[in-house]
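Colleague:
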Amino acid sequence: MLTTDRIKALDLTIGVVGLGYVGLPTALGFHDAGFRVHGLDVSERVISELQAGRNPGDDPTFDNAIPNDERWTVTTEPKIVIPECDVILVTVPTPVQENKRPDLRFIQAAGETIFDHIDRGKRPVVVLESTVYPGVTREIWSPLIESRGLSEGVDLDLAYCPERFVPGDPNHGVRQVPRVVGATDTDIVKALAELYSHLTEGTVTPVSSIEVAEAAKVVENVQRDLNIALVNELALIFPEIGLDVEEVLTAAATKWNFHRYTPGIGVGGHCIPVDPYYLIQKAHSAGAPVELITSAREVNATMPKQVATRIIRQTSDLGRSPSSLKILLLGWSYKPGIADARETPAESLANELVEQGCEIYVWDPHIQAEHRLDGPYIWVDQPETSKPDVVILCTAHEEILGLDWTALRKSSDLGFLYDGRRVLDVEILHDAGWITGAVGRP
Ligand code: SAJ
């Protein structure tokens, strides 16, 4: 059983199920903290890379950080690792399906694997970390536990501790971020708070139940989606009345409690555009109103179309029809500094412009050739190659901010540059000979 004495003595084997964007840093963090770590993943590729001491992911932070000692075991075989674990952390994906309904298959599968292989004599604690809606941990796992003749609080304990890992942000990794933890058993939640305090220098806050912890995490990301939706909607309003939304937001941000967000071509990633659908689903099944969260999601999801419409309007005013335009997208990742294109709004923007008849080129120095999405677009290795009429900044990678805009202008016939993230200095662009547009600017 998990006790604070065993934690203090580092006398614990911690299992991590799912060694992806969150699981791998978590496993490495607990290994660095001195615990025995057993990693489990269904991917033969991930496990063979790790067993060879190589980083299986695209985050360079972990390139030379894969352990090779007796406290580190990784495998695809649950029977090798699960029976020995005192604590099992589950960090598997929680995406949405095409119809935007939560996809809980990975949580179901992880539960089946874990509950088939635990050593009930150890009374292991199974902690879900993936983002869900309140109630998922019990809804999905309690039937699996009962059907195997196990009982919570006797053969195992359940808990929830949401991950808050921020891809590409060294100041908000698993060793830094504050955590929230909820469990049925108060002794278990206290012990887990002690355990996670060995992982992170941030605070670890126990809450009264699994459901409170589940709700806290999804609310964090729903709030962020709403705040971004507000500035995106303002970016559609103010140009119609001759105002630049960025000037307005900068002025408003001089107020002490105004939270500054930036309008853009849209909201990507595996968290912010996905998690609100989990709470929407829960609200619907609870028969509660959820209009604001739903419409905010709709505002962000339609930003690529709104931006495409405005770019087509502006280039038409310059005498060019959409079918005559070669357009270069600068950046494909959903946010700067990383090679992660999950739910990237650049793809939706590209598809909208293709539908208008435009020819689309893409340059993203972070996305290697083997990870470039096949589609109706042409990936280039140098921005100038495409000889674009129109250039759209989609992702504010450092390499893009540092481009020679004068040189790029020489390769552009029409010379129209659209700042989709409001990160460029318009004077510099005008001096380089560009006609400019930007999200939220008249
Ligand atoms: N975005 C805007 N305007 C903004 C902020 C973001 O358009 O003012 C866009 C970004 O371009 C991106 C998307 O929203 O396409 C998401 O950006 P993000 O900064 O929220 O980055 P994420 O998706 O990596 O969010 C993560 C989340 N972390 C976890 O779920 C553990 C989120 O909870 C964090 O709040 C966020 O990092 C953060 O604070 O950096």
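Quick note: the sequence shown uses my numbering, first residue 64, plus one each step.
By construction, the Cβ of each residue, glycine as well, lies at the ideal position given by its N, Cα and C atoms.
Would you say the beta carbon of Gly236 is closer than 7 Å to some non-hydrogen atom of the ligand SAJ?
Modeller: Because no heavy atom of the ligand SAJ lies under 7 Å away, the Cβ of Gly236 does not count as near it: no.
Colleague: Give me the residue from Glu226, Gln239, Ala413 with the minimum Cα distance to Asp338.
Modeller: Of the candidates Glu226, Gln239, Ala413, the one whose C-alpha sits nearest the C-alpha of Asp338 is Glu226.
Colleague: Per DSSP, which residues does Tyr481 bridge with? Please list them.
Modeller: Answer by DSSP bridge pairing, in chain order: Ile455, Gly500.
Colleague: Between the beta-carbon of Lys398 and the beta-carbon of Asp452, is there less than 8 Å?
Modeller: Contact: no.
Colleague: Tell me which same chain residues have a C-beta within less than 6 Å of the C-beta of Pro336, skipping the five on either side of it?
Modeller: Excluding positions up to five away in sequence, the list reads Val330, Glu406.
Colleague: Write down the C-beta distance between Gly503 and Arg485 rounded to the nearest angstrom, noting that I regard them as a contact closer than 8 Å.
Modeller: Gly503 to Arg485, Cβ: 7 Å. Contact.
Colleague: Inspect the beta-carbon positions of Val285 and Ile170 and report whether they are closer than 8 Å.
Modeller: Contact: no.
Colleague: Near Pro241, which residues of its chain fall below 8 Å by C-beta distance, leaving aside the five closest residues on each side in sequence?
Modeller: So the list reads Arg227, Thr263, Gly265, Thr266, Val267, Thr268, once near-sequence residues are dropped.
Colleague: Determine contact between the segment 89-104 and the segment 277-293, defined as no fewer than three beta-carbon pairs at a distance below 8 Å.
Modeller: At 8 Å Cβ cutoff, the stretches do not touch.
Colleague: So what does DSSP say about Asp220, is it helix, strand or coil?
Modeller: Note: Asp220 maps to strand in three-state DSSP.
Colleague: Which one or two residues does DSSP pair with Ile423 in a beta bridge?
Modeller: Paired residues: Ile390, Tyr440.
Colleague: Taking contact to mean 3 or more Cβ pairs, one atom from each stretch, closer than 8 Å, check whether the segment 408-418 and the segment 320-330 are in contact.
Modeller: Because the criterion of three Cβ pairs below 8 Å is met, the segment 408-418 and the segment 320-330 touch.
Colleague: Please classify Leu73 as buried or exposed, where buried requires at least 16 neighbouring CB atoms within 10 angstroms.
Modeller: Its Cβ having fewer than 16 others within 10 Å, Leu73 is exposed.
Colleague: Could you give the first and the last residue of the continuous beta strand (DSSP E) run that contains Thr136?
Modeller: Start and end: 135-138.
Colleague: Could you give the first and the last residue of the continuous beta strand (DSSP E) run that contains Arg383?
Modeller: Counting along the chain, Arg383 falls outside any beta strand (DSSP E), and DSSP gives it neither H nor E.
Colleague: At which residue ranges does the segment 122-201 contain complete beta strand (DSSP E) runs of 3 or more residues, listed in the order of the chain?
Modeller: Here the runs fully enclosed are 135-138, 150-153, 188-191.
Colleague: When you compare the CB positions of Ile145 and Gly78, do they come within less than 8 Å of one another, or not?
Modeller: Contact flag set, yes.
Colleague: Drop a sphere of 10 angstroms on the beta-carbon of Pro197, count the other beta-carbons inside from all chains shown, and report buried for 16 or more, exposed for fewer.
Modeller: It is buried - the Cβ of Pro197 has at least 16 other Cβ atoms within 10 Å.
Colleague: Pick from Val85, Phe178, Ala292, Gln344: whose alpha carbon is nearest that of Pro165?
Modeller: When each option's Cα is compared against that of Pro165, the closest is Gln344.
Colleague: Roughly how far, in whole angstroms, is the beta-carbon of Pro187 from the beta-carbon of Leu219, given that I think they are within contact range, below 8 Å?
Modeller: Sure, about 5 Å apart at Cβ, within 8 Å.
Colleague: Flag this pair as touching only if the segment 240-258 and the segment 300-309 have three or more C-beta atom pairs under 8 Å; answer yes or no.
Modeller: The answer is no - the segment 300-309 does not touch the segment 240-258, with fewer than three Cβ pairs under 8 Å.
Colleague: Which same chain residues, not among the five before or five after Arg238, have their C-beta less than 7 Å away from its C-beta?
Modeller: Hits under 7 Å: Gly92, Leu262, Thr263, Glu264.
Colleague: If I measure Cβ to Cβ from Val159 and keep anything under 7 Å in the same chain, skipping five residues before and after, which residues do I get?
Modeller: Counting only Cβ-Cβ distances below 7 Å, and skipping sequence neighbours, we find Pro165, Asp166, Val337, Tyr340.
Colleague: Who pairs with Arg242 in a beta bridge, going by DSSP?
Modeller: Per DSSP, Val267.
Colleague: Would you kindly report the start and end of the unbroken alpha helix (DSSP H) that includes Ile491?
Modeller: Here the alpha helix (DSSP H) through Ile491 covers 489-494.
Colleague: Per DSSP, Ile77 is paired with what?
Modeller: Val100, Val150.
Colleague: Let me check understanding here. Comparing Cα to Cα, which of Tyr424, Ile203, Val190 lies closest to Arg168?
Modeller: For Arg168, the nearest C-alpha among the options comes from Ile203.
Colleague: Counting C-beta neighbours from all protein chains within 10 Å, is the total for Asp482 16 or more, i.e. buried, or is it exposed?
Modeller: With 16 or more Cβ atoms within 10 Å of its Cβ, Asp482 is classed as buried.
Colleague: Distance check for Asn290 and Phe321, CA to CA, integer angstroms please.
Modeller: When rounded, the distance between both Cα atoms is 11 Å.
Colleague: Provide the residue span of the alpha helix (DSSP H) that contains Tyr341, from first to last.
Modeller: 338-349 is the extent of the alpha helix (DSSP H) around Tyr341.
Colleague: Identify, in the order they occur along the chain, each residue of the same chain with its Cβ nearer than 6 Å to the Cβ of Val80, setting aside the five sequence neighbours on each side.
Modeller: Around Val80: Leu103, Val153, Ala173.
Colleague: Could you check which residue in Val353, Leu416, Asp476, Asp403 has the C-alpha nearest to that of Glu368?
Modeller: The question names Glu, yet the displayed sequence has Lys at residue 368. Considering only alpha carbons, the answer is Leu416.
Colleague: Among the residues of its own chain, which have a CB less than 6 Å from the CB of Phe98, if the five just before and after it don't count?
Modeller: Cβ within range, chain order: Leu73, Leu75, Ile77.
Colleague: Whose C-alpha, out of Leu82, Ser214, Arg373, is nearest the C-alpha of Val155?
Modeller: Nearest option by C-alpha distance: Leu82.
Colleague: In terms of alpha-carbon separation, which member of Thr200, Leu391, Ala315, Asp95 lies closest to Arg134?
Modeller: The residue with the shortest Cα to Cα distance from Arg134 is Asp95.
Colleague: So, helix, strand or coil for Glu226, using DSSP?
Modeller: Reduced to three states, the DSSP call for Glu226 is coil.
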